[in-house]
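Here's the structure we're looking at; comments come further down.
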Amino acid sequence: MKDINLRIREAIIKNILLETGVTRIEFEGPEIILYTAKQELLIEEEVLKKIAKEIKKRIIVRSDPSIRMDKQKASDYIREEIEGISDKVKVKSIFFDDTFGEVYVVVKGLSYLSTKSEDLTKKITVTTSWRPKLINDTPMKSTVSEFVTKLRLQEGEFRRKILREIGSRIHRPLIFQSGDIRMICLGGFREVGRSAILIETSESSVLLDCGVKPGATHPLQSFPRLDLPEFCIEKLDAIVISHAHLDHCGFLPYLFKYGYDGPVYCTPPTLDLMTLLQLDYLQVAGKEGIKPPYSMQDIQETILHTIPIEYGEVTDIAPDIRLTFYNAGHVLGSAIVHLHIGEGEHNIVYTGDFKFGRTKLLEPANYVFPRVETLIIEGTYGGPTDILPQRIESEAKLVEVILKTINNNGKVLIPVLSVGRAQEILVLLNEAFEMGYIKPVPVFIEGMVQEATSIHMLHPYGLSRKVRDDILINDKNPFLNEYFHVLPSSTDREEIVSGDPCIIVATSGMLTGGPALSYFKLLAPDERNSIVFVSYQIPGTLGRRVLSGVKEIPIVSEDGRSEVIKVNMNVYSIEGFSGHSDRRQLLGFMKRITPKPNKVLICHGEEEKVINLAETFSNLFKVYAYAPNNLEVIRLK
């Protein structure tokens, strides 16, 4: 069999004459990179489309360093071209990536370039030989996003080395043309937490998610079962992360600690958000005196090995597997994972956590795919009674609870997941104040909420159309309401608790730590106050115990002393804010998914719920449906 690398090079040379100035051809990750000394080829589309169609690979053209314009001259030219379009557009900063021939341009008023951005990008590319990436300037800076960007720029040569090693592995010759396809359940089956699924073909091995289980106390229940003989880190071709929550990405850096050196694929927002949550995971472990399973260096390795891809981009991740992400509607950047195995041999759709319904923050999950043979679907709210209220009812209920508590001279504590639920609540509070549903009171925001919100503003095109337009066009950013007050960790929380009525939005969402736990201790004894849970409370967490009605809760304080918290405050749970699909939405997704799968495997749900959901799918849709156990190996083909 002819070496695939040689076949690709021959196809490129055949379609591009030598006088086009191609100086070299490189395999960098899933992409074929053409370096050219002629500026015209940088924007040549027809020839590149012809090559891509023939070799079925993604082609990227980069300028040879010898033809790139001097950086200072390029900066002056870029600034003049962009700011000349409108007096409402301002270039805030410009920085260059020498390794990849790109220039990052941070622009205030980016929306005013929307209709002209493609022509502008081409003009800058041809004139300077630097390929521009336009970034929206935000009022709040994300320290995590800046850290990720700077690290990737500083380690450009190392990243290129990584990408070339990945590229050679992806484009290696096939040994087997077809064979078995297996799914190994490493975590997140008949439970919620530590999601991890291994997909194996005769050629390759891909891991879908690698999370931790909050609330678990023993390693065998806390982390994925990577001790199975089927899991071999040296044979792993790729890791795909569906979204940034810790139960799906929290254990990922551990694999780099123990020798994994391959790629991680996720959407661009997920890279920023999962880095934020992994860093926080280390910090919380340190505060609690727990030895974390990995270090800061392992998180940095994760960042450098991550290849962000957008929704809808078809990407080779192994010799016989192509990956495409689709919007999952769960949190910013969350993705439904589509794996195309072989030449139409088998197609897997893994929903991850998904929301098949519109919210104020996000558009609903995608349900149309090129092909589907096996569907792996979450069943968090898959039980017969898991019919959540309509979102409008949940919003009205939260407004009602806030009004009742404030009128009673109390305070409202809303523990939130920093990614997703927090931003949904802030958007709702902003609207409630603007529409007069609630007389504005101070909203104190503490924990990672502000950092996560900054990342949301950096990626507005991943948000709902209304929120995106409010941020980019209407100058009505819902995250910047005048009554929203971001508090530092050094805040005197007792002063806030003893003050006037207010709303407190703080992490963590399950009271497993963070400022929400501190506020809970201070607010719980007072019957005028309320706590409102707006997210799922995993069994074993403090949030689940409070929700179950326990009135006295022993807690170990920060100085190591035991104390008993009397819970006299009002306890509410408003489930309609969930980023998961409820029973009705799960059935709606199954009814509408196109095409219909032959096999449905259910994960991410309590045992009774996923078993019942499997039986319902079988009866209603006449498909094979099953809820596997952890450690099971299932033959898909």
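Numbering follows our numbering, with no gaps: position 469 of the sequence shown is 471. Just so it is clear, CB atoms sit at the ideal spot from N, CA and C, and this is done for glycine as well.
| Item | Value |
| --- | --- |
| Spatial neighbours of D472 in its chain, beta-carbon cut-off 7 angstroms, leaving aside the 5 residues before and after | K478, N479 and P480 |
| Assigned secondary structure, M3 (DSSP; H/G/I helix, E/B strand, else coil) | Residue confidence for M3 is low, a pLDDT of 40 falling below 50, so the modelled location carries little weight and cannot support an answer. |
| With 16 other Cβ atoms within 10 Å as the buried cut-off, status of D282 | buried |
| Distance between beta carbons of S580 and S537, contact taken as under 8 angstroms | 7 angstroms |
| Separation of E453 from S147, as counted between CA atoms | 9 angstroms |
| Whether Y1 touches K135 by CB criterion (7 angstroms) | Summary: the structure shown does not reach residue 1, with the chain confined to residues 3 through 639, and so no result is reported for it. |
| Endpoints, the beta strand (DSSP E) within which C251 is located | Note, C251: premise wrong, no beta strand (DSSP E); alpha helix (DSSP H) at L248 to C251. |
| Rounded separation between T596 and I57 - CA only | 28 angstroms |
| Through-space distance from V333 to V635, alpha-carbon basis | 30 angstroms |
| Distance, R324 Cα to Q41 Cα | 31 angstroms |
| Straight-line gap, E608 to V602 (C-alpha atoms, nearest Å) | 17 angstroms |
| Stretch pair the region 444-462 + the region 418-435: three plus CB contacts closer than 8 angstroms | yes |
| Selected residue, minimal CA-CA separation from P599, among H340, E496 and T25 | H340 |
| Residues near G169 in its chain [Cβ-Cβ closer than 7 angstroms; skip 5 each side] | F29, E30 and G31 |
| Three-state secondary structure (DSSP) of S147 | helix |
| Supposed close pair I96, K118 - CB separation, criterion 8 angstroms | With 8 angstroms as the limit, I96 and K118 do not qualify as a contact, their Cβ atoms being about 18 angstroms apart. |
| Cβ separation of V91 and D139, assumed to be a contact under 8 angstroms, to the nearest whole Å | Their Cβ separation, rounded to whole angstroms, is 10 angstroms, which puts V91 and D139 out of contact at 8 angstroms. |
| From Y352, V370, G515 and G438, residue whose alpha carbon lies closest to that of I379 | Y352 |
| Buried/exposed call for M445, threshold 16 Cβ in 10 Å | Sequence inspection shows Val at residue 445; the Met mentioned does not correspond to that position. Buried, since its Cβ has 16 or more Cβ neighbours within 10 Å. |
| Counted within 10 angstroms of its Cβ, other Cβ atoms place M437 as buried (16 or more) or exposed | exposed |
| Residue environment, F619, which counts as buried when at least 16 other CB atoms sit within 10 Å | buried |
| Exposure of N531, with buried meaning 16 or more beta-carbon neighbours within 10 Å | buried |
| Element boundaries [beta strand (DSSP E), containing A627] | Y626 to Y628 |
| Pairwise C-alpha distance: A398 and H461 | 28 angstroms |
| Reduced DSSP secondary structure (H/G/I, E/B, other) of Y352 | strand |
| Coil, strand or helix - S532 by DSSP | strand |
| Element boundaries [alpha helix (DSSP H), containing V108] | It is not in any alpha helix (DSSP H) - V108 instead sits in the beta strand (DSSP E) that spans E104 to K110. |
| C-beta contact flag for V208 and A240 at 7 angstroms | yes |
| Beta-ladder partner(s) of I61, from DSSP | I34 |
| Same chain, Cβ closer than 7 angstroms to L284, neighbours up to 5 away in sequence not counted | P294 and M298 |
| M3 to I10 span [Cα, whole Å] | Any reading at M3 must be qualified, since the residue scores a pLDDT of 40, below 50, and its modelled position is unreliable; the value itself is stated next. Straight-line Cα distance between these residues: approximately 13 angstroms. |
| Buried/exposed call for G545, threshold 16 Cβ in 10 Å | buried |
| Residue environment, K362, which counts as buried when at least 16 other CB atoms sit within 10 Å | buried |
| Stretch pair the region 98-105 + the region 64-78: three plus CB contacts closer than 8 angstroms | yes |
| Nearest-angstrom Cα separation, counted from G261 out to T203 | 22 angstroms |
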